[in-house]
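Below is one structure, written out as structure tokens; the observations come after it.
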Amino acid sequence: MSYSSNLASNRAVLYANLGQALHNGDKFPQIFDNVADISPDCFSRPLADLANAVREAPDTPLLEHLKQSSLFLSWELRFIQFGLATLKIEEVFARLCEYYVMIGQPTGRLMRWTAGLWGLLSFTGGYLGYVLAPEDMALWSGAGVFVMLLVFGVLVAAPAMGGWVAPDSGFWRLASWLPQFRSLVVARSVYQYLLNLGLCIQGGMDLSRSLKICAKSEPIGWLRQRYQGVASDVANGNQISKAFIASGILAETKLTAQPKGHQAPGGKLWEPGITDIVRQSFTDQLDFAARFLPFLLLIPLAVVWVYLAIQ
Numbered sequence: 122m123s124y125s126s127n128l129a130s131n132r133a134v135l136y137a138n139l140g141q142a143l144h145n146g147d148k149f150p151q152i153f154d155n156v157a158d159i160s161p162d163c164f165s166r167p168l169a170d171l172a173n174a175v176r177e178a179p180d181t182p183l184l185e186h187l188k189q190s191s192l193f194l195s196w197e198l199r200f201i202q203f204g205l206a207t208l209k210i211e212e213v214f215a216r217l218c219e220y221y222v223m224i225g226q227p228t229g230r231l232m233r234w235t236a237g238l239w240g241l242l243s244f245t246g247g248y249l250g251y252v253l254a255p256e257d258m259a260l261w262s263g264a265g266v267f268v269m270l271l272v273f274g275v276l277v278a279a280p281a282m283g284g285w286v287a288p289d290s291g292f293w294r295l296a297s298w299l300p301q302f303r304s305l306v307v308a309r310s311v312y313q314y315l316l317n318l319g320l321c322i323q324g325g326m327d328l329s330r331s332l333k334i335c336a337k338s339e340p341i342g343w344l345r346q347r348y349q350g351v352a353s354d355v356a357n358g359n360q361i362s363k364a365f366i367a368s369g370i371l372a373e374t375k376l377t378a379q380p381k382g383h384q385a386p387g388g389k390l391w392e393p394g395i396t397d398i399v400r401q402s403f404t405d406q407l408d409f410a411a412r413f414l415p416f417l418l419l420i421p422l423a424v425v426w427v428y429l430a431i432q
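For the sequence shown, the numbering used here gives the first residue as 122, with consecutive numbering after it.
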């Protein structure tokens with residue numbers, strides 16, 4: 122996917138438009154044509170192609186068309202599959218939109234700081250190339266290193282942004298080995314899991330079936346296995362609260378937000394007061410990550426400037 126396709130703000134608009142089209146009563150595949158006209162340019166062609174593909178093969182399940190499209194990320198497809206299975210696709214589009222809105226501001230801050238520090242790193246690399254090169258090649262060497270680093274930054278921007286916005290990316294899988302980032306990964310998962318669970322319960326499903334369906338919607342494998350363990354324990358007669366405690370999920374969810382004073386004790390896990398706490402905890406930790414990660418670029422900067430200082 123392109124850099125613009127991975128931007129949280131653009132993906133939020135995409136899912137807001139899809140949800141609004143469904144709310145207005147549009148049907149597939151016409152919905153894709155209508156949304157293509159009002160969505161960011163990076164989505165217009167894929168949406169039009171998707172609409173044509175659905176028309177040409179109407180007997181193919183919609184989910185298969187979505188999987189073959191270049192439009193949707195793998196983790197989003199799990200949520201969409203959940204929405205189709207529960208007949209809550211409009212609500213799922215709203216959930217996906219909300220996710221990208223939540224990460225939008227931290228992502229913007231991350232982009233600005235990373236771009237600035239990468240520019241400084243490129244300048245520093247160019248200066249180092251200038252200093253170390255033979256005198257007759259110093260200017261060309263410095264300029265070459267500077268341009269090379271800038272071009273490299275542009276080339277990795279799209280996959281880096283994709284790794285940041287997709288919760289099941291390799292970046293987050295590696296980051297989850299660190300306690301602070303693991304708590305962030307789990308908080309995001311628990312929040313979206315509880316929202317999905319609430320949709321199922323409100324739709325009239327029994328708890329046991331709801332837990333099984335919601336477990337499948339989790340994009341991260343090791344968390345999905347834990348949710349499946351919760352579903353199995355509840356199916357065997359255990360209380361959901363005890364099953365969650367036994368799974369270890371709640372122990373790894375760092376709650377930075379506090380319950381509001383009017384929140385009644387003993388609420389169900391999927392009720393708004395509890396999900397709001399998890400949501401705020403997720404956004405707090407995401408904000409920290411977006412502030413912290415760009416400053417990792419200061420490490421090579423410091424190394425280079427110390428090296429230059431002692432020469």
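Ideal Cβ positions, reconstructed from N, Cα and C, are used throughout, including at glycine. Small disclaimer: the values here were computed from a predicted structure and weren't measured.
Would the stretch 305-314 count as touching the stretch 327-341 if we require 3 or more Cβ pairs under 8 Å? yes
Among Phe302, Asn127, Gln323, the one whose alpha carbon lies nearest that of Ser195: Sequence index remark: in the sequence shown, residue 195 carries index 74 (1-based). Looking at the Cα atoms, Asn127 is the closest of the given residues.
When you compare only the Cα positions, how much space is there between Pro415 and Lys333? Here residue 415 is taken as the residue at index 294 of the sequence shown, counted from 1. Here residue 333 is taken as the residue at index 212 of the sequence shown, counted from 1. Roughly 38 Å between the two C-alpha positions.
Smallest Cα separation from Ser165: which of Phe153, Leu299, Arg309? Taking the sequence shown and counting its residues from 1, one reaches residue 165 at position 44. The residue with the shortest Cα to Cα distance from Ser165 is Phe153.
Nearest-angstrom Cα distance between Asp158 and Gln432? The residue given as residue 158 occupies position 37 in the sequence shown. The residue given as residue 432 occupies position 311 in the sequence shown. Computed Cα separation, rounded: 59 Å.
Give the C-beta separation of Ile201 and Val213 to the nearest angstrom, bearing in mind that I take them to be a contact with Cβ-Cβ under 8 Å. The residue given as residue 201 occupies position 80 in the sequence shown. The residue given as residue 213 occupies position 92 in the sequence shown. Correct: roughly 6 Å between the Cβ atoms.
Range of the contiguous alpha helix (DSSP H) that encloses Ala254: As a working mapping, residue 254 is identified with position 133 in the sequence shown. Unbroken run through Ala254: none, as it is neither H nor E.
Would the beta-carbon of Ser190 fall within 9 Å of that of Pro167? Residue 190 sits at position 69 when you count from the first residue of the sequence shown. Residue 167 sits at position 46 when you count from the first residue of the sequence shown. Yes, they are a contact pair.
With a cut-off of 8 Å on the beta carbons, I'd call Phe409 and Ala308 a contact; round off their distance for me. Numbered from 1 along the sequence shown, position 288 holds the residue referred to as residue 409. Numbered from 1 along the sequence shown, position 187 holds the residue referred to as residue 308. So it is not a contact: roughly 12 Å between Cβ atoms.
Below 8 Å on the Cβ atoms is my contact criterion, and I expect Leu62 with Leu429 to pass it. Report the Cβ-Cβ distance as a whole number of Å. This structure gives no information on residue 62, because the portion of the chain shown stretches from 122 to 432.
Note down, one range per segment and in chain order, each alpha helix (DSSP H) of at least 4 residues found wholly within the stretch 147-189. 151-159, 162-177, 183-189
Any idea if Phe413 is buried or exposed, counting beta-carbon neighbours within 10 angstroms, 16 or more meaning buried? Position 292 of the sequence shown, counting from 1, holds the residue named residue 413. By the neighbour-count rule (16 or more Cβ atoms within 10 Å), Phe413 is not buried but exposed.
Sorted by chain position, which residues of the same chain lie with C-beta nearer than 7 Å to Cys321's C-beta, five sequence neighbours on each side aside? What you label residue 321 is simply residue 200 of the sequence shown in a count that begins at 1. The residues are Thr207, Ser331, Ile334, Cys335.
Cα-Cα separation between Phe267 and Ser362, rounded to whole angstroms: Locating residue 267 in the sequence shown gives position 146, where the first residue counts as 1. Locating residue 362 in the sequence shown gives position 241, where the first residue counts as 1. Roughly 56 Å separates the two Cα atoms.
What are the start and end residues of each continuous alpha helix (DSSP H) run of 4 or more residues lying completely inside the stretch 216-240, in chain order? none
Count the other CB atoms within 10 Å of the CB of Gln346; is the residue buried (16 or more) or exposed (fewer)? Translated into positions along the sequence shown, residue 346 becomes position 225. Answer is exposed; the Cβ neighbour count stays below 16.
Kindly indicate which three-state DSSP category Ala385 falls into: helix, strand or coil? Numbered from 1 along the sequence shown, position 264 holds the residue referred to as residue 385. Below a pLDDT of 50, predicted positions are generally treated as unreliable, and Ala385, at 44, falls in that range; the measurement from the model is reported next regardless. Coil, per DSSP.
Classification of Gly358 by the beta-carbon crowding that lies within 10 angstroms, buried from 16 upward: For the purposes of this step, residue 358 is taken as residue 237 along the sequence shown, with counting starting at 1. By the 10 Å Cβ count, Gly358 comes out exposed.
Beta carbon of Pro288, beta carbon of Val306: below 9 Å? Taking the first residue of the sequence shown as 1, we reach residue 288 at position 167. Taking the first residue of the sequence shown as 1, we reach residue 306 at position 185. Their beta carbons are under 9 Å apart, which means Pro288 touches Val306 by this criterion.
Using a Cβ-Cβ cut-off of 9 Å, state whether Leu231 counts as contacting chain B. Checking the listed chains, one finds no chain B in this structure; it contains a single protein chain.
Excluding the 5 residues preceding and the 5 following Ala352 in the sequence, name in chain order all residues of the same chain whose CB lies nearer than 6 Å to its CB. Along the sequence shown, read from residue 1 onward, the residue named residue 352 stands at position 231. Cβ neighbours of Ala352 beyond the five flanking positions: Leu332, Lys333, Ala336.
Cα separation between Ile398 and Met258? Here residue 398 corresponds to residue number 277 of the sequence shown, with the count starting at 1. Here residue 258 corresponds to residue number 137 of the sequence shown, with the count starting at 1. Cα to Cα, the separation comes out at about 59 Å.
Assuming Leu422 contacts Thr245 (C-beta within less than 8 Å), just tell me the rounded distance between them. Here residue 422 refers to the residue found at position 301 of the sequence shown. Here residue 245 refers to the residue found at position 124 of the sequence shown. Indeed, because the Cβ distance is near 6 Å, the residues count as touching under 8 Å.
With H, G and I counted as helix, E and B as strand and the rest as coil, what does DSSP make of Thr404? Working through the sequence shown from its first residue, we reach residue 404 at position 283. If DSSP states are grouped into helix, strand and coil, Thr404 belongs with the helices.
To the nearest angstrom, report how far apart Val425 and Leu270 are at their CA atoms. Taking the first residue of the sequence shown as position 1, residue 425 is located at position 304. Taking the first residue of the sequence shown as position 1, residue 270 is located at position 149. When rounded, the distance between both Cα atoms is 15 Å.
If you check the beta carbons only, do Gln406 and Gln301 fall under 9 Å apart? On the sequence shown, position 285 is the one that residue 406 refers to. On the sequence shown, position 180 is the one that residue 301 refers to. For Gln406 and Gln301, yes; Cβs fall inside 9 Å.
Identify, in the order they occur along the chain, each residue of the same chain with its Cβ nearer than 6 Å to the Cβ of Gly247, setting aside the five sequence neighbours on each side. Indexing the sequence shown from 1 puts residue 247 at position 126. If we look at Gly247 and ignore the five residues flanking it on each side, its Cβ neighbours are Gly263, Val266, Phe267.
Residues in the same chain with beta-carbon distance under 8 Å from Leu139, minus the five sequence neighbours each way, listed in chain order, please. Here the question's residue 139 lines up with position 18 in the sequence shown. The answer, listed in chain order, is Ile152, Val156, Phe214.
Spatial neighbours of Gln141 in its chain, beta-carbon cut-off 8 Å, leaving aside the 5 residues before and after: In the sequence shown, residue 141 corresponds to position 20, counting from 1. Excluding positions up to five away in sequence, the list is empty.
Nearest to Thr396 (by Cα), restricted to the options Leu318, Ala236, Trp298: The sequence position of residue 396 within the sequence shown is 275, counting from 1. The shortest Cα separation from Thr396 among Leu318, Ala236, Trp298 belongs to Leu318.
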